[in-house]
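Asker: Take a look at the following structure, please.
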Amino acid sequence: MITIIKLILIGIYTLILSILALISIIVDRSFISYHYLSKIFSGGILFISGVRVKIFGIDKIDKNATYVFVSNHASQFDITVLQWGVPNRLAMIFKKELSRIPFFGWQLKFGPYIMVDRKSPESGMKSIEEAKELMKNKGISVLVFPEGTRSKTGELLPFKRGAFHLAAKVGYPVVPVTIVDSDKIMPKGSFKLKKGTVKLIFDSPINTDNIKSKVDELQLMDNIKKIIQNNKEKFL
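First residue of the sequence shown: 582, per the working numbering; consecutive thereafter.
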């Protein structure tokens with residue numbers, strides 16, 4: 582019963598903030614106000630849900646810099662946690678189907694986020710170009726989930742090279758991000774909300790100037806996977 586009440590409140594809150602986000606997109610094309618609304622939105626969702634976020638390593642990153650944030654993904658709550666915890670202005674890559682959701686999907690589509698059609702290879706290439714333009718012209722960082730989907734068990738899934746190809750193409754430093762215990766709040770396939778604390782760990786930015794080939798991209802992928810895996814074991 583408590584979960585149902587929370588989900589209803591989250592639904593109403595999401596509708597209100599989505600409408601405000603659409604308004605902000607119209608009046609502020611710098612997306613600065615959109616960024617602050619995303620903080621208000623994520624903070625409200627965490628409050629309603631009874632979820633706390635404990636952040637580690639925030640001193641390792643510059644909140645005014647532009648990065649590619651690379652994170653593991655085990656829960657629907659991961660995006661909310663990252664919106665709240667990442668101090669930089671942040672854009673995410675989202676699947677085209679979400680854009681059809683009234684208000685919420687519309688603000689994703691017209692905001693500083695990057696829409697991709699997973700069925701179209703051309704869409705993937707287009708998303709890289711959009712990310713480059715967004716980062717260069719707006720100074721907005723990009724978040725990617727190299728696993729491609731949420732893990733059902735919380736264990737890391739195989740990483741896909743696409744996220745690291747993006748990092749190499751845009752030329753900005755990569756920040757490994759580890760989320761621990763979000764799967765205990767709301768695991769994949771479940772709508773049951775549990776109170777708890779999620780740990781968010783930032784590692785030092787990794788320069789991508791030396792990424793020149795597919796082999797380099799794969800090496801970067803392996804290094805970041807090891808960092809995230811080590812943090813998951815360390816902070817469990």
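Just so you know, even glycine gets a beta-carbon here, dropped at the ideal spot from N, CA and C.
Does at least one heavy atom of the ligand HEM sit under 6 Å from the Cβ of PHE691?
Answerer: The ligand HEM is not part of the structure shown, which contains no ligands of any sort.
Asker: Is ALA646 buried or exposed, if buried means 16 or more other CB atoms sit within 10 Å of its CB?
Answerer: Exposed, since its Cβ has fewer than 16 Cβ neighbours within 10 Å.
Asker: With a threshold of 8 Å on Cβ separation, who are the neighbours of PHE816 within its own chain once the five nearest residues in sequence on each side are excluded?
Answerer: Excluding sequence neighbours, PHE816 sits near PHE637, THR759, VAL761, LYS780, ILE782.
Asker: Return helix, strand or coil for ILE715, following the three-state DSSP convention.
Answerer: One detail in the question is off: residue 715 reads as Leu in this sequence, not Ile. Note: LEU715 maps to helix in three-state DSSP.
Asker: For the structure I just gave you, are there three or more beta carbon pairs, one from the stretch 731-751 and one from the stretch 646-665, closer than 8 Å?
Answerer: yes
Asker: Please name the residue, chosen from VAL751, ASN811, VAL756, VAL697, that lies closest to ILE674 on a Cα-to-Cα basis.
Answerer: The shortest Cα separation from ILE674 among VAL751, ASN811, VAL756, VAL697 belongs to VAL697.
Asker: If we require 3 or more residues per run, which beta strand (DSSP E) segments fall completely within the stretch 615-644?
Answerer: 632-637
Asker: Tell me whether TYR617 is buried or exposed, calling it buried when 16 or more other Cβ atoms sit within 10 Å of its Cβ.
Answerer: exposed
Asker: Thinking C-alpha only, which one of LYS700, GLU736, PRO727 is nearest VAL755?
Answerer: Answer by Cα proximity: PRO727.
Asker: Taking the beta strand (DSSP E) that ILE695 falls in, what are its first and last residues?
Answerer: 695-697
Asker: Quick one: residues in its chain with C-beta nearer than 7 Å to the C-beta of ALA712, no 5 flanking neighbours on either side, listed in chain order?
Answerer: ILE695, VAL723, LEU747, VAL751
Asker: How many angstroms separate the CA atom of GLY686 from the CA atom of MET767?
Answerer: 21 Å
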